[in-house]
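Engineer: Just so we're aligned: 66 in our numbering is position 56 of the sequence shown, and the numbers increase by one with no gaps anywhere. For every residue, glycine included, the Cβ atom is placed at its ideal position computed from N, Cα and C.
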Amino acid sequence: MPTEFVLRRLVQAPPDDVWDVVTDLGAHGRYVPLTTVRMPDPVVVGSTVHALTRLGPLVLDDAMLVRQWRPPAPGCPGSARLLKTGFLSGHADILVVGRPSGTLLTWRETLALRVPGTQAVSRRVFARAGSVVFGRVVDRLLADAGMDTEVLSGR
Numbered sequence: 011m012p013t014e015f016v017l018r019r020l021v022q023a024p025p026d027d028v029w030d031v032v033t034d035l036g037a038h039g040r041y042v043p044l045t046t047v048r049m050p051d052p053v054v055v056g057s058t059v060h061a062l063t064r065l066g067p068l069v070l071d072d073a074m075l076v077r078q079w080r081p082p083a084p085g086c087p088g089s090a091r092l093l094k095t096g097f098l099s100g101h102a103d104i105l106v107v108g109r110p111s112g113t114l115l116t117w118r119e120t121l122a123l124r125v126p127g128t129q130a131v132s133r134r135v136f137a138r139a140g141s142v143v144f145g146r147v148v149d150r151l152l153a154d155a156g157m158d159t160e161v162l163s164g165r
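Listed below in C-alpha cells is the structure:
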C-alpha cells in the first residue's frame, strides 16, 4: 500500500505564476540531492518526465507519465496528474486554485517502491520524509521566485 502526503500552500501570487513555478519540474532537481529531472518541452498529456537519481554507478529513474496537464485559465483551476511508472509507483496531483487572498496550491503525492518485499520499509521512510522533502522543494521554488507563502499543511 502506498504512502500518501498532501502539501497545501497559500501563495501571494496569481495562479498562472504559481503554476509556472511548481510545474517547472526540471527546476525541482536543484533541490533534490543527486537528482536531475528531464522533461519534454512542451509538456502534454502522454509525455514522460524522468527524475534520475545517481549514486555512483546506480541510476534510479522515477519515470512519470503525464495523465493530465491543464494550466489555470480565468475562473478555472490548473491541474496536473503524473502517474509514476518507474521504480516508484503512485502518482502526483497538482492543483492551483485562485483565491481572493492569493493562490491555493495543493500537491498530493502517493509513493511506493515497486520492489517486492519493500513496501513496509518504504511506507515508513516515505511517511517520515515525503512531506518534508517535497515541502522543502516546493517552498524553495516559490521563495526563489519571490513568492510569499503560508504553509497550510505538509511540513
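#1: Please work out which residues of its chain come closer than 7 angstroms, Cβ to Cβ, to Val21, disregarding the five sequence neighbours upstream and downstream, and give them in chain order.
#2: With burial defined as no fewer than 16 other Cβ atoms inside 10 Å of the residue's Cβ, what is the status of Arg19: buried or exposed?
#3: So which of Gly88, Tyr41, Trp117 and Arg80 has the shortest CA-CA distance to Glu14?
#4: For Leu35 versus Val59, is the C-beta distance shorter than 8 angstroms?
#5: Starting from Leu20 and walking both ways along the alpha helix (DSSP H), at which residues does that stretch end?
#6: From what residue to what residue does the beta strand (DSSP E) around Ala61 run?
#7: Can the beta-carbon of Gly100 be found closer than 8 angstroms to that of Ala122?
#8: Check whether the Cβ atoms of Thr95 and Leu75 sit closer than 8 angstroms, and answer yes or no.
#9: What are the residues that DSSP puts in a beta bridge with Trp79?
#10: Hey, how far is the Cα of Leu62 from the Cα of Arg80?
#11: Nearest to Gly39 by CA position, among Gly164, Pro24 and Arg64, is which residue?
#12: Going straight from the alpha carbon of Leu44 to that of Ala83, what length do you get?
#13: Going by beta-carbon coordinates alone, are Val31 and Ala155 separated by less than 8 angstroms?
#14: Just to check my reading of the structure: Val107 and Pro24 have Cβ atoms closer than 8 angstroms, yes? What is that Cβ distance to the nearest angstrom?
#15: How far does the alpha helix (DSSP H) with Gly36 in it reach, from first residue to last?
#16: Going straight from the alpha carbon of Gly88 to that of Val142, what length do you get?
Structural biologist: Reading off the structure:
#1: The residue you call residue 21 lines up with position 11 of the sequence shown. Contacts found: Val28, Gly112, Thr113, Leu115, Leu152, Met157 and Thr159.
#2: One-based indexing of the sequence shown puts residue 19 at position 9. Arg19 should be labelled buried.
#3: Counting from one through the sequence shown, the residue named residue 14 turns up at place 4. Ranking the options by Cα distance to Glu14, first place goes to Trp117.
#4: Residue numbering aside, residue 35 sits at position 25 when the sequence shown is read from its first letter. Residue numbering aside, residue 59 sits at position 49 when the sequence shown is read from its first letter. Yes, these two residues count as a Cβ contact at 8 angstroms.
#5: Position 10 of the sequence shown holds residue 20. Leu20 -> not in any alpha helix (DSSP H); beta strand (DSSP E) instead, spanning Thr13 to Val21.
#6: As a working note, residue 61 is residue 51 in the sequence shown. Where Ala61 is concerned, the enclosing beta strand (DSSP E) stretches over Thr58 to Leu65.
#7: If you number the sequence shown from 1, residue 100 lands on position 90. If you number the sequence shown from 1, residue 122 lands on position 112. Closer than 8 angstroms, so yes.
#8: The count along the sequence shown starts at 1 and reaches residue 95 at position 85. The count along the sequence shown starts at 1 and reaches residue 75 at position 65. Contact: yes.
#9: For the purposes of this step, residue 79 is identified with residue 69 of the sequence shown, where counting begins at 1. DSSP output for Trp79 lists Ala90 as bridge partner(s).
#10: The count along the sequence shown starts at 1 and reaches residue 62 at position 52. The count along the sequence shown starts at 1 and reaches residue 80 at position 70. Cα to Cα, the separation comes out at about 25 angstroms.
#11: Taking the first residue of the sequence shown as 1, we reach residue 39 at position 29. Looking at the Cα atoms, Arg64 is the closest of the given residues.
#12: To locate residue 44, count along the sequence shown from 1; it is residue 34. To locate residue 83, count along the sequence shown from 1; it is residue 73. About 35 angstroms.
#13: Here residue 31 refers to the residue found at position 21 when the sequence shown is read from its first residue. Here residue 155 refers to the residue found at position 145 when the sequence shown is read from its first residue. Yes, they are a contact pair.
#14: Within the sequence shown, numbered from 1, the residue matching residue 107 stands at position 97. Within the sequence shown, numbered from 1, the residue matching residue 24 stands at position 14. Contact doesn't hold; Cβ gap of about 12 angstroms is too wide.
#15: On the sequence shown, position 26 is the one that residue 36 refers to. Here the alpha helix (DSSP H) through Gly36 covers Leu35 to His38.
#16: In the sequence shown, the residue the question calls residue 88 occupies position 78. In the sequence shown, the residue the question calls residue 142 occupies position 132. Rounded to whole angstroms, Gly88 to Val142 spans 24 angstroms at the Cα level.
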